[in-house]
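Engineer: Numbering (the working numbering), first residue to last: 81 to 190.
Glycine residues also receive a C-beta, built at the ideal position from the N, C-alpha and C atoms.
I'd like to ask you about the structure that follows.
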């Protein structure tokens, strides 16, 4: 996957609500309420046009400030570098947002 900001399908990159944003930094996928995520691949198999991964992801369970690290198992379908679906969250699909389309506050966090 391409590192950067992803938003839920159907949501504008220009003004996404926090709940619709995911950030992939090359190590894990974080949300507005998690950070410093590290995904460990447990399994990988072909799925349609891409790959289906089962991962164990460890994140600090807060967007900012002190918090404990939590671990969750997730199933993620990645058809290409710009799209993914988290199947363990009710099949929520996300798409990559180019930096130029993001609001100023998200450009800095990329």
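Pair every Cβ in the segment 151–161 with every Cβ in the segment 83–96, then say whether three or more of these pairs are closer than 8 Å.
Structural biologist: Contact fails: fewer than three Cβ-Cβ distances are below 8 Å.
Engineer: Tell me whether residue 124 sits in a helix, a strand or coil according to DSSP, three-state version.
Structural biologist: Of the three classes helix, strand and coil, the one that applies to residue 124 here is strand, per DSSP.
Engineer: My assumption, with CB atoms under 8 Å, is that residue 162 sits in contact with residue 93. Please give the rounded CB distance.
Structural biologist: In fact, because the Cβ distance is near 12 Å, the residues do not count as touching under 8 Å.
Engineer: Let me check one thing: in DSSP terms, what residues is residue 177 bridge-paired to?
Structural biologist: Residue 177 is not bridged to any residue.
Engineer: Grouping DSSP H, G and I as helix and E and B as strand, with all else coil, what is residue 167?
Structural biologist: Helix at residue 167.
Engineer: Residues in the same chain with beta-carbon distance under 7 Å from residue 140, minus the five sequence neighbours each way, listed in chain order, please.
Structural biologist: Contacts found: 114, 115, 116, 147, 149.
Engineer: In this structure, what does DSSP give as the bridge partners for residue 133?
Structural biologist: According to DSSP, which records beta bridges pairwise, residue 133 is partnered with 124, 156.
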